[in-house]
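Here is the structure we will look at.
Number of protein chains: 2
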Amino acid sequence: MEQLKRKIREHGSVLSEQVLKVDAFLNHQVDPPLMQAIGREFARRFGDQGIDKVLTLEASGIAPALMTALELGVPLVFARKHRSLTLTDNLLTARVYSFTKQVESTVAVSASHLAAGERVLIVDDFLANGQAALGLAAIVRQAGAQLMGIGIVIEKSFQSGRRALEEQGYRVESLARIASLADGQVSFLE
Amino acid sequence: MEQLKRKIREHGSVLSEQVLKVDAFLNHQVDPPLMQAIGREFARRFGDQGIDKVLTLEASGIAPALMTALELGVPLVFARKHRSLTLTDNLLTARVYSFTKQVESTVAVSASHLAAGERVLIVDDFLANGQAALGLAAIVRQAGAQLMGIGIVIEKSFQSGRRALEEQGYRVESLARIASLADGQVSFLE
Numbered sequence: 001m002e003q004l005k006r007k008i009r010e011h012g013s014v015l016s017e018q019v020l021k022v023d024a025f026l027n028h029q030v031d032p033p034l035m036q037a038i039g040r041e042f043a044r045r046f047g048d049q050g051i052d053k054v055l056t057l058e059a060s061g062i063a064p065a066l067m068t069a070l071e072l073g074v075p076l077v078f079a080r081k082h083r084s085l086t087l088t089d090n091l092l093t094a095r096v097y098s099f100t101k102q103v104e105s106t107v108a109v110s111a112s113h114l115a116a117g118e119r120v121l122i123v124d125d126f127l128a129n130g131q132a133a134l135g136l137a138a139i140v141r142q143a144g145a146q147l148m149g150i151g152i153v154i155e156k157s158f159q160s161g162r163r164a165l166e167e168q169g170y171r172v173e174s175l176a177r178i179a180s181l182a183d184g185q186v187s188f189l190e
Numbered sequence: 001m002e003q004l005k006r007k008i009r010e011h012g013s014v015l016s017e018q019v020l021k022v023d024a025f026l027n028h029q030v031d032p033p034l035m036q037a038i039g040r041e042f043a044r045r046f047g048d049q050g051i052d053k054v055l056t057l058e059a060s061g062i063a064p065a066l067m068t069a070l071e072l073g074v075p076l077v078f079a080r081k082h083r084s085l086t087l088t089d090n091l092l093t094a095r096v097y098s099f100t101k102q103v104e105s106t107v108a109v110s111a112s113h114l115a116a117g118e119r120v121l122i123v124d125d126f127l128a129n130g131q132a133a134l135g136l137a138a139i140v141r142q143a144g145a146q147l148m149g150i151g152i153v154i155e156k157s158f159q160s161g162r163r164a165l166e167e168q169g170y171r172v173e174s175l176a177r178i179a180s181l182a183d184g185q186v187s188f189l190e
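Same order as they appear, the protein sequences are chains A and B. Everything in the first sequence is counted per full-length UniProt numbering, starting at 1 for the first residue and increasing by one. Everything in the second sequence is counted per full-length UniProt numbering, starting at 1 for the first residue and increasing by one.
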């Protein structure tokens with residue numbers, strides 16, 4: 001997606017060979033027209049899959065996932081990382097390990113909002129080691145719902161996430177695939 | 001806002017005299033067309049204020065705030081509750097006490113994304129005791145920016161938040177104002 005790659009080139013900053021900072025437009029400050037374009041692109045790629053629901057993980061996934069759900073005309077559900085007072089009963093949960101923060105956390109979705117047979121699209125901002133997406137996929141399976149695909153805004157293709165997801169048979173669509181962050185430069189795949 | 005009140009009546013559930021659960025359409029599952037309507041309504045109410053940026057707090061504020069920012073044609077910034085690896089330098093912070101969770105936490109915005117002189121609209125999903133909004137307002141002041149108003153999706157008018165914000169001179173616009181949750185019923189103001 002050319003508009004996204006341009007934004008990454010112009011406003012992303014490479015902090016290390018592993019870490020790309022995109023807090024100018026994606027996960028701290030957010031560019032709403034870019035989110036709208038991202039939502040349209042995911043809707044274009046998955047529009048023929050009969051999606052019933054978009055699933056993401058708080059907090060950075062919410063903006064692109066909301067615009068995708070709006071374009072597809074379906075509800076969004078965002079998994080919570082922490083249990084909250086009003087989200088106590090009947091939870092579907094998965095353990096997710098964050099390599100960035102080096103902590104394991106529980107992500108949870110209320111069973112009320114993910115039903116057996118529903119066709120689910122996962123949308124997330126980043127794909128690195130795939131732990132978050134694998135956790136969300138586990139929740140979809142627990143619900144007895146069908147995972148129709150995984151839409152990723154930025155994929156770090158030099159990490160193992162895509163392979164892990166594809167090994168489980170999932171279709172992964174990433175809007176920007178980064179081959180390398182070496183020498184402080186963003187190199188895209190293809 | 002009639003569409004929102006209807007949604008609260010039909011899909012909200014009263015857990016106690018203090019707690020209204022709206023995780024069917026606002027803070028866990030999210031209704032995208034409702035968020036779009038909310039964004040349009042805030043844009044209508046604050047459209048003449050020359051807003052440069054919308055500010056909210058992760059995670060539940062993001063959906064209504066994103067749609068507001070999209071309608072106003074300005075960026076969104078969401079304050080983070082936890083420090084992340086790529087958000088380390090030059091932070092504006094405030095301590096926020098949550099009466100619901102009975103914990104104090106730090107909310108943070110990178111100084112890179114909130115500049116002196118910018119005209120800021122705060123948008124949040126709930127107003128109860130006003131702690132979150134007061135924290136965000138403190139961050140706006142630290143940045144030397146101007147707080148032009150506070151847009152709230154659901155106000156619990158029987159709690160002290162609005163008074164606390166108005167005492168500091170802020171304009172508060174709430175789309176649904178709840179007078180009481182007594183007897184398991186939602187009663188709206190006026």
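Beta carbons are placed, not taken as given, at the ideal position from N, Cα and C, and that holds for glycine.
Check                                                                                                                                                                                             : Outcome
Can you tell me whether residue 209(A) is buried or exposed? The criterion is at least 16 other CB atoms within 10 Å of its CB, across all chains shown.                                          : Here chain A comprises residues numbered 1 to 190, so residue 209(A) is not present and cannot be evaluated.
Scan the UniProt domain "Phosphoribosyltransferase" (32-157) of chain A and note each continuous beta strand (DSSP E) run of 3 residues or more that stays entirely inside, going in chain order. : 53-57, 76-79, 91-98, 103-110, 119-127 and 146-156
Which residues of chain A have a Cβ atom closer than 8 Å to the Cβ of Met148(B), listed in chain order?                                                                                           : Under the 8 Å cutoff, chain A gives no residues; its nearest Cβ is about 18 Å from Met148(B).
Going straight from the alpha carbon of Leu85(A) to that of Val19(B), what length do you get?                                                                                                     : Because the pLDDT at Leu85(A) is just 44, under 50, the model does not fix this residue reliably, and the value given afterwards should be weighed accordingly. Near 9 Å, if we compare the C-alpha coordinates of Val19(B) and Leu85(A).
For the candidate residues Leu181(A), Thr106(A) and Ala63(A), whose alpha-carbon lies nearest to that of Phe158(A)?                                                                               : Leu181(A)
Could you give the distance in angstroms between the alpha-carbon of Arg40(B) and the alpha-carbon of Ala176(B)?                                                                                  : 15 Å
If the criterion is Cβ atoms closer than 8 Å, does the pair Gln36(A) and Met1(A) meet it?                                                                                                         : no
Specify, as a first and last residue, the run of the beta strand (DSSP E) that Arg177(B) falls within.                                                                                            : Val172 to Ser180
Quick check: is any heavy atom of the ligand MN less than 7 Å from the C-beta of Phe46(A)?                                                                                                        : In the structure shown, the ligand MN is absent, as is every other ligand, since no ligand is present at all.
What distance in whole Å lies between the Cβ atoms of Ala79(A) and Glu58(A), which are believed to be in contact at a cut-off of 8 Å?                                                             : 7 Å
Beta-carbon of Leu85(B) versus every beta-carbon of chain A: anything under 8 Å?                                                                                                                  : Confidence is the limiting factor: at Leu85(B) the pLDDT is only 45, short of 50, which leaves the residue's position unreliable and the question unanswerable from this model.
The alpha helix (DSSP H) that contains Ala164(A), what's its start and end?                                                                                                                       : Gly161 to Glu167
Quick check: the stretch 124-131 of chain B against the stretch 70-78 of chain B, are there 3 or more CB pairs under 8 Å?                                                                         : no
Quick check on the DSSP output: the alpha helix (DSSP H) that includes Gln3(B) runs from which residue to which?                                                                                  : Glu2 to His11
Comparing the C-beta of His11(A) with each C-beta of chain B, is any distance below 8 Å?                                                                                                          : no
Which value, in whole angstroms, describes the spacing of the CA atoms of residue 197(A) and Gly117(A)?                                                                                           : In the structure as shown, chain A starts at 1 and stops at 190, and residue 197(A) therefore has no counterpart that could be examined.
So who's on the other strand from Gln29(B), going by DSSP bridges?                                                                                                                                : Val77(A)
Give me the chain A residues within the contact set of Ser180(B), using Cβ-Cβ distance strictly less than 7 Å, ordered along the chain.                                                           : Residues of chain A passing the Cβ test: none, with the nearest at roughly 18 Å.
Would you mind telling me which residues of chain B sit closer than 8 Å to Arg80(A), beta carbon to beta carbon, in chain order?                                                                  : His28 and Ala59
May I have the straight-line CA-CA distance separating Gly151(B) from His113(B), to the nearest angstrom?                                                                                         : 20 Å
Could you list which residues in chain A have their beta carbon closer than 7 Å to that of Gln36(B), in chain order?                                                                              : Leu70
Can you find the residues in the same chain that come closer than 6 Å, C-beta to C-beta, to Val22(B), ignoring five residues on each side of it along the sequence?                               : Gly12
Let me check one thing: in DSSP terms, what residues is Leu20(B) bridge-paired to?                                                                                                                : Val14(B)
Go ahead and label Arg162(A) buried or exposed: buried means 16 or more other beta carbons lie within 10 angstroms of its beta carbon, across all protein chains shown.                           : buried
Measure from the C-beta of Ile152(A) to each C-beta in chain B and report whether the shortest distance is under 8 Å.                                                                             : no
At the level of alpha carbons, what is the spacing between Ala145(A) and Gly135(B)?                                                                                                               : 40 Å
Who are the neighbours of residue 214(A) on chain B, taking C-beta pairs under 7 Å?                                                                                                               : This structure cannot settle anything about residue 214(A), because the visible part of chain A is limited to 1 through 190.
List the residues of chain A whose Cβ lies closer than 9 Å to the Cβ of Ile140(B), in chain order.                                                                                                : It should be pointed out that residue 140(B) corresponds to Val in this sequence rather than to Ile. Here the premise fails: no neighbours, minimum Cβ distance about 15 Å.
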